[in-house]
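Worksheet: one structure, shown below.
Number of protein chains: 4
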Amino acid sequence: MKVGFIGLGSMGSAMAERLLQAQYDVTVYNRTAARAQALVSQGARHASQIADACRGDAVFTMLADDGALESVVFDEGGILSSLPKGTVHISSSTISAALAERLAVEHQKRGQHFVSAPVFGRPEAAAAGKLFIVAAGAKDALEKCAPLLEAVGQKTFHFGDNPSSANLVKISGNFLIASVIESLSEAFALLGKAGVEQRQFLDFLTSTLFNAPIYKTYGTLIIDKKYTPVGFAAPLGLKDVRLALSAGENLRVPLPLGSLIRDRFLTLLANGGESLDWVAISCVSAESAGQKAA
Amino acid sequence: MKVGFIGLGSMGSAMAERLLQAQYDVTVYNRTAARAQALVSQGARHASQIADACRGDAVFTMLADDGALESVVFDEGGILSSLPKGTVHISSSTISAALAERLAVEHQKRGQHFVSAPVFGRPEAAAAGKLFIVAAGAKDALEKCAPLLEAVGQKTFHFGDNPSSANLVKISGNFLIASVIESLSEAFALLGKAGVEQRQFLDFLTSTLFNAPIYKTYGTLIIDKKYTPVGFAAPLGLKDVRLALSAGENLRVPLPLGSLIRDRFLTLLANGGESLDWVAISCVSAESAGQKAA
Amino acid sequence: MKVGFIGLGSMGSAMAERLLQAQYDVTVYNRTAARAQALVSQGARHASQIADACRGDAVFTMLADDGALESVVFDEGGILSSLPKGTVHISSSTISAALAERLAVEHQKRGQHFVSAPVFGRPEAAAAGKLFIVAAGAKDALEKCAPLLEAVGQKTFHFGDNPSSANLVKISGNFLIASVIESLSEAFALLGKAGVEQRQFLDFLTSTLFNAPIYKTYGTLIIDKKYTPVGFAAPLGLKDVRLALSAGENLRVPLPLGSLIRDRFLTLLANGGESLDWVAISCVSAESAGQKAA
Amino acid sequence: MKVGFIGLGSMGSAMAERLLQAQYDVTVYNRTAARAQALVSQGARHASQIADACRGDAVFTMLADDGALESVVFDEGGILSSLPKGTVHISSSTISAALAERLAVEHQKRGQHFVSAPVFGRPEAAAAGKLFIVAAGAKDALEKCAPLLEAVGQKTFHFGDNPSSANLVKISGNFLIASVIESLSEAFALLGKAGVEQRQFLDFLTSTLFNAPIYKTYGTLIIDKKYTPVGFAAPLGLKDVRLALSAGENLRVPLPLGSLIRDRFLTLLANGGESLDWVAISCVSAESAGQKAA
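Residue numbers (this note's numbering), protein chains in the order written: chain E, 1095 to 1388; chain D, 1095 to 1388; chain Y, 1095 to 1388; chain V, 1095 to 1388.
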């Protein structure tokens, strides 16, 4: 089975590497060609233009945002005009539900398949094959992709035949993670100012009601004020909550907690946080309580 | 060791029963005496007035709110005037940090000890000895209470010698639980209106990043719109978020998510939710998205 | 007509002075007696205890908050036990609706009248007889007070026979003023960061749709970052929005804008704003946009 | 002086009529040609395509939103390719600051002028020449337009040479009006549930501190629950607050009150309010307090 991979950021590269390790014939494309080097040395073919990555049975895309994916798909020489009938575009980017819907329509018009398959996990998890994948699309297309997704992640969760459902799940999942960061930040601001030991509180939480990795991970990052190195950058956090709000706006669903989190990101970014991890929104809570962050 | 127990609601009764089962000599008091019956039949002594429950080595209180505890402690014939020097008042009610501070001062003036030991868990957990206890107070007082708390719960977490710290931990813990309810409610409103299967989403969450009981429990209650029977009543939820906001106000710590949750409770209570479980605030999200609750 | 006046802060003193100028026989009381001096030199009698200010046809109170008024009314030797039957307690303090209701009941029990008559305006306005008074209470009591209120303010607005209605009007009015400050602050933060001339914007507003003094006054203070001298202190602003939220909580009325304003005040007070004018909450908007206040 | 006018909705038609009355030679264009009829009967020339409306000294546009204006400007045969060098595009639509910036750049590239001149007022005000106009653009272009704007409105306010400044002023002005609606709605919900006479409260407000037409107008509409006929439709209100939030996002300025208002609009639109006046967001406050709207 031959597969293309477009978008070789840290996540995309790790995913493409997993495909190579599973012995797939992988052709990779990246706007900045240098990023393809490491994969080529591991056996990938290099595509010098998008069309060359579209000659297999499927092509993955893993790009920064709606704009980047739109360009790769709709521009002249893009995926839409290059992908053979009957083959699949697997979109793993975190994009808007609206764009996913548009892609589903446009691919279908051309006899191409479209599957949304965004992922949960950081680059290290991707490299270790530990990503969780949420996938949605036509049943036969999904079946065709199944072994590819299996090679990439540790488990695939299915959300029906409407591709945008998978994007909404991704967006909602990130909203929930951001909600954990916000709620912990407020609780820590309160306890910290009262002189209660934050670490003991976190130990208590994670050994009782909140014993999920998400609380352990983000709770520790908040207490340690560990805003670098960046696992997931603050501007991406803003982008993702905007996707949630935008989906809510289209569907007429108010998300007041989403609005609150958006304002936290804007405050962070307005005050020098552009290159910090998204957990740094916790310093907005701390500073509004008069506690200067590190 | 002789111990008194004041406040025999469903939580208090279950806790007192645990003490009896551990062979303590327990004297119980409740304003409505009938509630003492079941415990007396299990071997408890009945106190017809508060003072009679204050003749042992320690007295527990488990009451509805600040007002109820203030009355039991400060009124004529109350705990403050009845408790012998050197004995301990163990307060398990969810009360304000401010009242805990006042109690610490007043007991100390009279040579009495004061320990805050609020609990996490529902009445069934209490009956099964599965409560988690968060305790704070002077070290020797805490040591004295340790076997009693061990009889009552499955584990005690210590938060230093300032009793109000334990109350802040309790308040913050409940704030975090309410935050989980609110964030899930908003995500479910979005996904529900988009036609994404909510139960699949919850399965995904709880088998990956959010595999904590709190998400499983409340996620299921929200999806099932199971607002009765009441595990924890909506007005108590409002009370607890008010305690968080009030502590924040005293310490000058804004809690915007707390404010949002407070408004959810008020909306619920203004629209017929007084006798529903606190998870019913999820219907505020659903209804504001135009989806009528059950 | 003889009248007492209790509470000689800057507002109370100015109001009492108006009564003296209108030739009333005024007896003044203040906890710190020195504050009575200026009025005595203008012809007021000095009361060395509360009861001495309660021997006329009416007694005004103008105190800082619920606690201060409760003490003056309910403590031993307070107004409740001193005021003759058939005379009136005129409460001009900004207090909770709940306390006004309690006062109405307690005075009635003793055959005394109770009128709520809070005022709008700053001390200078009070001195110039330019206050607006909102009054509520039993019709005959109101009629009795009418000439007194006329002496104090420029106009009295009546809100029926339930005294707490006047308090709710006062609380709601202050909430609306704070809303003007918050909305202008956000708009100015946006325009300021975009490089649009804020003063031109304010001129435009106040010469077209928003030509009310409140926009002119607060808009100018915000643009000039004039947080001192204090016309109305930030902690009082917090107190008043808390009164609105507390009334909303009792009546089951969520006030999300009220909650937002409360968080603005807490942020201000947590960051050094205790002795600034309440308009200084505007710097919270500016700073969250990355624009440092003066 | 010859002038084109594109976009003949109720506002655009009224503005074009003012130009005719001032004896300008006006050529009008509307996608749905029938809307041009009334103006033609008053002496306007009819343009069957956009280019025909671009042959004078200036062309006005008054369209629904960014998308409509983009289409009219950038599509083949649009304004950009039709307008002669040295003539002016006067944009009166309520559009994003971002689009205004793009238009300024694109027109300049082609030697055309661009002036932003959005207006405040309802169609009746437009017909009566009572609009307030906020204008920004290059000085000489503004001077050229001055007589045209004078013919259209009662007064023009200038905001410098950056066209998008005028758009930000328009957006901020509408944000402030929406803030008045929201703050009044919350206050009325509180007072209404407390049984205080809302109309008396409004009379008090508008005869004292808040004596601006905006409070009188919207206060009366809220009390009367007069959501039709539509002066300004709720979806346009959502659009405008979205423009404010979007400008804030680009500039990194959080607008929490803007977010709150956005959620009010979404709640209204999710519950059947698509064809109501934007003042109908007041029923969200009332209903969340348990008071059913008319």
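Virtual Cβ for every residue (Gly too), placed ideally from N, Cα, C.
By the neighbour-count criterion, in which a residue is buried when 16 or more other Cβ atoms sit within 10 angstroms of its Cβ, residue 1322 (chain E) is exposed. The closest CA to that of residue 1255 (chain V), considering only V:1113, V:1338, V:1198, is found on V:1198.
The residue from D:1370, D:1316, D:1333, D:1286 with its alpha-carbon nearest to that of residue 1327 (chain D) is D:1370. Counted as a single uninterrupted DSSP element, the beta strand (DSSP E) harbouring residue 1123 (chain Y) occupies residues 1119 to 1123.
Considering only Y:1206, Y:1156, Y:1180, Y:1207, the residue with the shortest C-alpha distance to residue 1189 (chain Y) is Y:1156. Only residues of its own chain outside the window of five on either side were considered, and among them 1275, 1312, 1315, 1316, 1321 have a CB closer than 7 Å to the CB of residue 1373 (chain E), listed in chain order.
Burial check for residue 1293 (chain E): the Cβ neighbour count within 10 Å stays below 16, so the residue is exposed. DSSP, reduced to helix, strand and coil, places residue 1289 (chain D) outside both helices and strands of the structure shown, so it counts as coil. The segment 1256 to 1323 of chain Y contains, as complete alpha helix (DSSP H) runs of 4+ residues, the segments 1257 to 1288, 1292 to 1300, 1307 to 1317 (chain order). In terms of Cα proximity to residue 1205 (chain E), the closest of E:1246, E:1099, E:1180, E:1218 is E:1180. Taking a C-beta distance under 8 Å as the contact criterion, residue 1253 (chain E) and residue 1290 (chain D) qualify as a contact pair. Residue contact with chain V for residue 1374 (chain D): absent (no Cβ-Cβ distance below 8 Å to any residue of chain V). As a beta-bridge residue in DSSP terms, residue 1247 (chain E) pairs with E:1225. A direct Cα-to-Cα measurement between residue 1095 (chain E) and residue 1163 (chain E) gives close to 24 Å.
At least one CB of chain E lies nearer than 8 Å to the CB of residue 1365 (chain Y).
The segment 1166 to 1222 of chain Y contains, as complete alpha helix (DSSP H) runs of 4+ residues, the segments 1173 to 1176, 1191 to 1203, 1217 to 1221 (chain order). Here residue 1154 (chain E) is bridged, per DSSP, to E:1099, E:1184. A distance of 8 Å or more separates the beta carbons of residue 1306 (chain V) and residue 1261 (chain Y). Straight through space, the alpha carbons of residue 1377 (chain V) and residue 1362 (chain V) are spaced by roughly 8 Å.
Contacts between residue 1384 (chain D) and chain V, judged by CB atoms closer than 7 Å, involve 1364, 1365 in chain order.
Annotation for residue 1355 (chain E): 1272, 1276, 1335 place their beta carbon closer than 6 Å to its own, counting only its chain and skipping 5 residues before and after.
If you ignore the 5 residues before and after residue 1140 (chain V), its C-beta comes within less than 7 Å of the C-beta of 1122, 1130, 1134, all in its own chain and listed in chain order.
Annotation for residue 1381 (chain D): the continuous alpha helix (DSSP H) segment containing it runs 1376 to 1382. Interface flag for residue 1307 (chain D) against chain E is set, since a Cβ pair is found closer than 8 Å. Contact check between the segment 1165 to 1172 of chain E and the segment 1104 to 1113 of chain E: fewer than three CB pairs, one atom from each, fall below 8 Å, which does not count as touching. Its Cα nearest to that of residue 1282 (chain E), the residue D:1352 stands out among D:1364, D:1352, D:1175.
Shown in chain order are the members of the segment 1337 to 1349 of chain Y whose Cβ falls below 8 Å from a Cβ of chain V: 1338, 1341, 1342, 1345, 1346, 1347, 1348, 1349.
Residues of chain D with a Cβ closer than 8 Å to the Cβ of residue 1228 (chain E) are, in chain order, 1298. Near chain Y, meaning a CB-to-CB distance below 7 Å, no residue of the segment 1171 to 1193 of chain D qualifies. Residue contact with chain Y for residue 1361 (chain E): present (Cβ-Cβ distance below 8 Å to some residue of chain Y).
For residue 1231 (chain E), the secondary structure class from DSSP, reduced to helix, strand or coil, is coil. Contact with chain E is absent for residue 1169 (chain V), since none of that chain's Cβ atoms lies less than 8 Å from the residue's Cβ. Inter-residue distance for residue 1184 (chain V) and residue 1104 (chain V) is about 18 Å (C-alpha atoms, whole angstroms).
Nearest neighbour of residue 1259 (chain Y) by Cα position, chosen from V:1239, V:1243, V:1132, V:1295, turns out to be V:1295.
Rounded to the nearest whole angstrom, the C-alpha separation of residue 1248 (chain D) and residue 1375 (chain E) is 35 Å. Beta-bridge annotation (DSSP): residue 1371 (chain Y) is paired with Y:1327.
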